[in-house]
Structure formats: structure tokens, C-alpha cells
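Report on the following structure.
Numbering (my numbering), first residue to last: 82 to 1053.
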């Protein structure tokens, strides 16, 4: 065994699970002396060619000296890492620190020689690339800045690993060997390469779960009923295109099938590969099942079994063990406590869920952390997405349950490039890695809409979810998500409303809305709703209740051709009397109008009167009724999509049934002569969504308008400006010296001014005034006029309490003010008075930056005082902030008009304010040790800004796992 003198303490934080290029997982960990047998076994399975490439000569076996060398490390100058699957090595990498002469060395030498060896059966899976990321991070931690590698020219795979990594590198050729030198400092290109590899690997891991070639349901009961048997029946009844097996350890000998499905007592008995196992056995039996699946080569698991973290501490430990065990075999897990997964692709048709009916196929990707909410969402999409509205269904559905492994981040990676998904809807109760979620959401939202509703917004999340603590309030988190392009809604009803619009319609070019219909009152309600949502509605056009289908067609055609209109809301009420427009005729009229101008979104608001509409219609005329609002034939009208419009797809609908029955009612049955599931519309068509209330339609439209504007802004996000007067090195030296005193500290006044000054942020000096004479001396030093302030905690920033005296023009006024303050509030020792030179008059604001352990660095802005403290009127942006983001930040607060000349006041210098915020952003971004900055008040005058108060807190920076090598979250 190695002794303490031979090695440093085992670096457990280097252990990590990673997703490989093919979607499988591997564990990366340091190599120790206990790995001697594993190393020898691994080497024996490597081909002679790979051994030759590693050692530049035939090397059939490792000597005892080699084994000792490759397993004994000090974890500083000599480090070895192994990638393992099933506990066995599949690849290794090591570095040895070297000096300028190439000989072994110790710090401060900052170069190391690196070498890889990958088992032939696992080459091409991206193992070496993952190992390079991790060994590079280890080397940087140990003070190594460069890697050197010598590779034979024929070893093109290894050369490609180095050259594709994105690091700054040098390449030379001498003595028949390619020599590569890599600078290990991360670059924009190396991070881009890392993120691209992460996306491909994680997307592939989800694809293996959603598009398996063979599925085994483990725990399928021998008789109908029960969870396992229900899922087996659902997979079979949906017409799964792959192979399906039932597994039940209690099957009697000789029984070969369950309702026509091949049945086995163990997954080991299945003759052939199994890609996905649905586990529906009691929690205590799951470890045995996972082991059998791993040994059989199963690629992924959907665990519907309960009894894990949601049940308490013992269950949480079972959940950790489950994830660790599955990852040991390279498997990923959806669940536990999952409702299941669905893939409606005609090439798959997988309903491995507890949903008794296969959802309609469509182009909405649906993710839910709650099974109950998932059922509700599928039900509402079924009611709202079929019938006369045409078909809008789901491409895939995933219920993550306790989200122990596969999470919403993984699904974003998958749906980002999925050609069958145009819109992503997510119900989230927790966000395990907010930094990564924000990054992935921003990228996804730039390509397709992402709509999110958050549960547990005002309390702890479900017990089954372990998440990082955040100090940010929910409103701040929501603002940051919106900044990333996420469409944030508050209810699952709004989630479906927005999803149907975005899946069926082009994005609006602006907020101008035309309103037309056969009800003046409904038009006025729609107009008011538009104003409430910040849209710019035209005056409603009332076609009267006598309007015919031709009248609707003509009015809609005119609105769509109007260049002053960006979207159209059609309002309709059931008409009574002979000759009234029917649903089918109205649908065709709207369809044909949209077909001629499909570039603008169209929505229908229809008030359903149910049985009353039918009764009134029957009483108004003796003529036979061809169709009523409740019984109109289900028709779908489609319009071709013009080139250049988003692939999300108008077709209309009969508005009467478009909204579906009331929530909670069963879906209406299909027409007697129609199919049970409507056929999907032709590719590239628009479907016109209908809503039962004007407020819901307009809210969905407003969300689409805001998202479209975000898309336009995201195309030119701006830049993080550089300022020539910033002294980054000087700030770093100050911070290093200050932190040498302790782990975390709030800086004093002079230290705060010095640090902020290195970034061009100048704070007005405030001189202490413990006595009237000291106050007078301070005023003479600063120059009149001055302000006298009490800085005691209970009076700080509370001018309303009278602890501030302004515009003191001479010593007499200063001494009188000093006496008034001490008489009102007590002795100077309690008041802590200071004297400060008067700043130009303006608007008092506050600028803050904080590093949150979960969300990252956040810049916040608002008006000082009641607006921010009482009303919470603050705006937020993730750091680093660009110039365009700073401009939008100033304008995002509700009280922003006070900065721009409200009620005849003088507009203030907002460009100077924006520059100040950009400098604060740069400071926090460049130096993560600056964990909190508060500038209050910042007086913004017509010309310039004055920072009158400032505080800075320093601490060792929190870990940034988003900048490190790729790794799966730790099993909570």
C-alpha cells in the first residue's frame, strides 16, 4: 500500500460520471494502488496496434515495474485517471510533470507530459475527449498550464482528440513523431467544443431512452391490472414498432407469454438485446433488477417504482444507490417514481407510461416533473388539440418523477435539434442546475419556443427533488429565465394556451392587433385585454350577429393585408336563427383567408353556450338544423406555409369545439364516421387555435409578441465593452491581499473606494464626524455645500426618518444640523455621522451585484427607497451584461419613466448609469471573489452619476461547475 509520504490525500472530488458520445455513461476516477489487477486486465484487452501507438514499440504486457508506476501517484506531479464501466477500466490517461529539459519535476514547473490508452472496443465513443477535459481540469488545479504529447503520425485518432479540443496549441514534427503542445487555459473555442460535445452526448442518451429497438417491462403482472401490466398493455396497444418483452420472476415454469407478449422470468433469459427496461417492481427488488439489466447490456431504465426520496431519508439513500448502480453499468435513469415516457413518432409509437391512450402525434415536446401534472397536460392537449381545431399533439412526453438522473436539462439538449419538435412545454418543480438550465434555455429559445410553468414557487420543492439552495427570490429567478428567452407562465392552462399558439402560428412581427367578430361586447373585452397585456389593439370591427361566413372571410382578408396590423383576433359567438353561419362554414372562411396571407398569427375567441345555444337555435326556426355549435362536424382547414416562416406551424378550426369541453370533462367522442384519432395535418401547415375566453387568447398572444421581440434582440445581443481605464491586475492584487486576512470579509470604506476605483467607479468620500469640530474640519476638507448623514444601521438609507441634512452651505448651518441630529436620535456614537460633499440633484437609484450559489452572478437595478424595498421594483440580468442588456435593464423597471422626464422633469443621464452598471458587471465577472457589491444611493443627474454609498464583500469564489469538464450531477 502507498504510504502518506508517497501520496497526497485521495482527491475524491475528481470522481465524476460522464455521458459519452453514444449516450452511454462512464465513471472517471483517479487510479490508485488497489487498481493493479484491473489495470493488467484492461491492458490484456487492448490490441497490439493500440499498445504500439502508446509505447512506440511492441509492448505485449506490463511488467511489475510498469504496474507499480501506473498505479502509484502523488496526485500532484503524477496523476492517473481511468474511465470505468461495470467497475472495469475501459480507458486511462496520465500526466507527469516535467521541467524545461523534459525530466520529471515538481512545482513551480508548469508543464506535463500526457498519454492516453483506450480499449479498442470503446474507441469512437468519445472516451479520450472526456478524459482530456478531466485531466486538463486536474492539471490546472495543480498549477500545470501546458500539456505536451508525442504521437505517432499513424495514430490519427489520438491526434484528432488533441487538435479538436479547442485549446491553443503548437504542433511540430521531428524524429518521426508529432509533438503537440496544448495551453490548458480555457478558450471560447474550447468551451464551445465542450458544450457541443455535451449536447450531442446528452441528446443521444435521451434518444436511446425514447427510441428503443426493444423494451422489457419488468414487473408485468400475470393478470390484468397493476402498474407493470398496465404499462405492458399500453405499449402493446399503441403499436410499438420494436420488440416487446414481459418479465416477471413469479411466472410459472413453461409460461412463455402474457397476452401474446413473449414473457420471461428474468431479463437475462431474453434472447437478444434490450435497449430499455421499464422497472415496476417494489423498491427493495430494484437493485437486483438493475444488476440483471446491466449484465444483459440494457441501455436505459424508466423506473416507475415508488419508495425513494419522496418517502424520507431512507428512501433518499436508496435513490442515491440506485443512480450509482445504474451508472456503474453505463445506464441512464428516468425516475424513480416516474409516470413514464411517450414517443409518438410513427417509426417508434412508444407509450411506456400509465396514460391509457396514446397521445395524438404532434410537434410539442412535453416534460413534467410531476406525474399528476403530466396527466393533466396530456388530457388538456388531447381536448384542445384535436377535433375541429385540427391536430396538435405531442412529439414526446417525459415524466421525470424524482429527477434522480435524467432532468429537464437533458430533454432540452435532445429537443434542441429534434426535427419532430417545434415547441417545448415544461412543468418544473425544481431546477437542479440553474446555470446550465439558463444556458441551454437561451440556446433552445433561439431556435424554438420554450414555455415553462414552475410549481412550488413559494416554498420547498417536492421531497424527492434535491436542489441547490438559492438566495434569490422567485421573482428574480423568473426575470432571469425571461432574459434567457423562456416564456414564463403561471398555470398549466396558460402553458397549454401558449403552446398551442406557438405550435400552430407564425410569430408576430409586433404588438399591433386587429380585432374583428360578430359580437361587439366580446370585441370590447378583447380590446381591453390587449391593453392590459401591453399590446396595441386597433378599434374592434363589429360584423354584427348577422355576419355570414363571407363577411368573416372578407374582414379577415383585409386585416391580414393591413400593414399596420401584426396579428388578428377573431371573436365569434354562436348565432341563432335561420341562415346563421355554421362552424364548418366559418372554419372554411377563415382558412381560405389565412391561406392567402399566412405570415401573421390568427387566433379565435369563441364563447361556448353549450346546450343553450342548441335550444335557442332550435326555437328560432322551423327549418332543419344542419349542425349546431355542439354537434358540428369536426373539420380541419389548412393553409400552406410560405417559405421563410418558422416551421412551427394556421388551419382553423371550428371555434365552437376548439376550446374543448370544460376542464375535467371527458373529451368529446369522434364523429361517427371519422377515425378515432384525427390524422396529422400536412407538413408545413398552420392550425388556427381557438380559446374559450378573450383574456386567455390575448395573454397567449402577448407572450408570443414578447418572445418574438426577444428572438429579434437575441440576434444582436450586444457586446461586453472594454474600458481602457480598468486596472484588472491592480484589482486582483488588492483582492488577494485583502483575502489573505480571512475567508470572507466586508470591506471598509477606504478599501471599498480603492477596489471600485480600479474599475473606474468613483465613490464620493464620506468623512467621519464624531464631534461637531470634526464635522466642520471634514466640510472644510471636502468643500461646501455638504450633507450630514447618520450611518447607523437603523438610519442608513432612511432619509424619511430625518437622519440626513442636505445642502449645508456653511459651518453655521452644519453645526446647527449636527445639534438637531444628536438631539433627535442620540449621541454621536450611536448615530455614526459622516460628512459628504453634495452631489448634483437627480434620481436616487441602487445598483447591486451578487453571486448566487445556484444561479450565478446577477446584476440588479432599481430606484432607491420605497420603489425597490416596498414594491420590489427591481430588474435583473445575468453577468456579464452586454451594452444592449444594460440599456434594457434601465428601462425594465416599472418606475423607469422617472428617469426619462416624467411629468416634465428633466431626463437624467441614463448612458452614464448604464456605463456604471457595465463596470460593476465587469468587476464581478473578472473577479469572482467579489461576491457582493451594493452601490446606494447612486444619484443620476441630468449630466453624470454620483455614487454616494458603496459596500463590497469578498470571499473565496463558489465552485463553477458550468466551467469545468463535462460531468453528470452527483446522485442526491
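For glycine and all other residues, C-beta sits at the position ideal for the given N, C-alpha and C.
A quick note: this is a predicted structure, and the numbers were derived from the prediction, not measured.
{"Check": "What did DSSP end up calling residue 432 once you bin it into helix, strand or coil?", "Outcome": "strand"}
{"Check": "Tell me where the beta strand (DSSP E) around residue 514 begins and ends.", "Outcome": "Note, residue 514: premise wrong, no beta strand (DSSP E); not H, not E."}
{"Check": "Would you say residue 319 and residue 473 are within 9 Å of each other, going by their C-beta atoms?", "Outcome": "no"}
{"Check": "Quick check on the burial criterion: 16 or more other C-beta atoms within 10 angstroms. Buried or exposed for residue 580?", "Outcome": "buried"}
{"Check": "What is the DSSP secondary structure of residue 845, reduced to helix, strand or coil?", "Outcome": "coil"}
{"Check": "Let me know if residue 612 comes out buried or exposed under the rule of 16 or more other beta-carbons within 10 Å of its beta-carbon.", "Outcome": "exposed"}
{"Check": "Please report how far the alpha carbon of residue 178 lies from the alpha carbon of residue 187, in whole angstroms.", "Outcome": "6 Å"}
{"Check": "Leaving out the 5 sequence neighbours to the left and right, which residues in its chain are closer than 6 Å to residue 225 when beta-carbon positions are compared?", "Outcome": "191 and 193"}
{"Check": "Residue 1057 to residue 89, Cα distance in whole Å?", "Outcome": "With the chain covering only 82 through 1053, there is no way to say anything about residue 1057."}
{"Check": "Would you identify the three-state DSSP class for residue 468, choosing helix, strand or coil?", "Outcome": "Any reading at residue 468 is ruled out, since the residue's pLDDT is 37, under 50, leaving its predicted position unreliable."}
{"Check": "Output needed for residue 614: all residues of its chain with C-beta closer than 7 Å, excluding positions within five of it in sequence on either side, in chain order.", "Outcome": "779, 780 and 783"}
{"Check": "Out of 907, 893 and 897, which one is the CA nearest neighbour of residue 70?", "Outcome": "Beyond the ends of the chain as shown, which are 82 and 1053, falls residue 70; an answer cannot be given."}
{"Check": "State the DSSP-derived secondary structure class of residue 825, mapped to helix, strand or coil.", "Outcome": "coil"}
{"Check": "Using only the alpha-carbon positions, how far apart do residue 183 and residue 973 sit?", "Outcome": "58 Å"}
{"Check": "Counting only beta-carbon separations shorter than 9 Å, does residue 818 have a partner in chain C?", "Outcome": "You won't find chain C in this structure, because it holds only one protein chain."}
{"Check": "Report the rounded CA-to-CA distance for residue 375 versus residue 410, giving the unit in angstroms.", "Outcome": "5 Å"}
{"Check": "Enumerated in chain order, which unbroken segments of the alpha helix (DSSP H) with a length of 4 residues or greater are wholly contained in the stretch 940 to 981?", "Outcome": "947 to 950 and 964 to 973"}
{"Check": "Between residue 450 and residue 510, which are expected to be in contact by the criterion C-beta below 8 Å, what is the C-beta distance as a whole number of angstroms?", "Outcome": "5 Å"}
{"Check": "Helix, strand or coil: how does DSSP classify residue 180 here?", "Outcome": "coil"}
{"Check": "Answer yes if the stretch 786 to 795 comes into contact with the stretch 997 to 1012, meaning at least three C-beta pairs across the two stretches below 8 Å, and no otherwise.", "Outcome": "no"}
{"Check": "Can you tell me the Cα-Cα spacing of residue 152 and residue 117, whole angstroms?", "Outcome": "6 Å"}
{"Check": "Taking 9 Å as the threshold (C-beta atoms), are residue 988 and residue 981 in contact?", "Outcome": "yes"}
{"Check": "Quick one: what does DSSP say residue 217 is sitting in, helix, strand or coil?", "Outcome": "helix"}
{"Check": "So who's on the other strand from residue 413, going by DSSP bridges?", "Outcome": "381"}
{"Check": "Check for me: the beta strand (DSSP E) holding residue 507 runs from which residue to which?", "Outcome": "504 to 509"}
{"Check": "Quick one: what does DSSP say residue 250 is sitting in, helix, strand or coil?", "Outcome": "strand"}
{"Check": "Going by beta carbon distance, what residues of the same chain come within less than 6 Å of residue 198, once the five residues before and after it are set aside?", "Outcome": "135 and 173"}
{"Check": "State the start and end residues of the unbroken beta strand (DSSP E) segment that holds residue 123.", "Outcome": "Taken as a continuous stretch (DSSP letters only), residue 123 belongs to no beta strand (DSSP E), being part of the alpha helix (DSSP H) at 117 to 125."}
{"Check": "Starting from residue 231, trace the beta strand (DSSP E) both ways and give me its first and last residue.", "Outcome": "227 to 232"}
{"Check": "Please classify residue 743: is it buried, with 16 or more other beta-carbons within 10 angstroms of its beta-carbon, or exposed?", "Outcome": "Annotation note: pLDDT 38 at residue 743 (below 50); position unreliable, coordinate value reported separately. Residue 743 should be labelled exposed."}
{"Check": "Are there three or more Cβ pairs, one per stretch, closer than 8 Å when the stretch 495 to 504 is compared with the stretch 283 to 293?", "Outcome": "yes"}
{"Check": "At which residues does the beta strand (DSSP E) containing residue 687 begin and terminate?", "Outcome": "683 to 687"}
{"Check": "Pick helix, strand or coil for residue 315, following the three-state DSSP scheme.", "Outcome": "helix"}
{"Check": "Looking only at its chain, what residues have a beta carbon closer than 7 Å to the beta carbon of residue 625, apart from the 5 residues adjacent to it on each side?", "Outcome": "599"}
{"Check": "Under three-state DSSP, which class holds residue 321?", "Outcome": "coil"}
{"Check": "By alpha-carbon positions, which one of 641, 405, 1018 and 316 ends up nearest to residue 438?", "Outcome": "316"}
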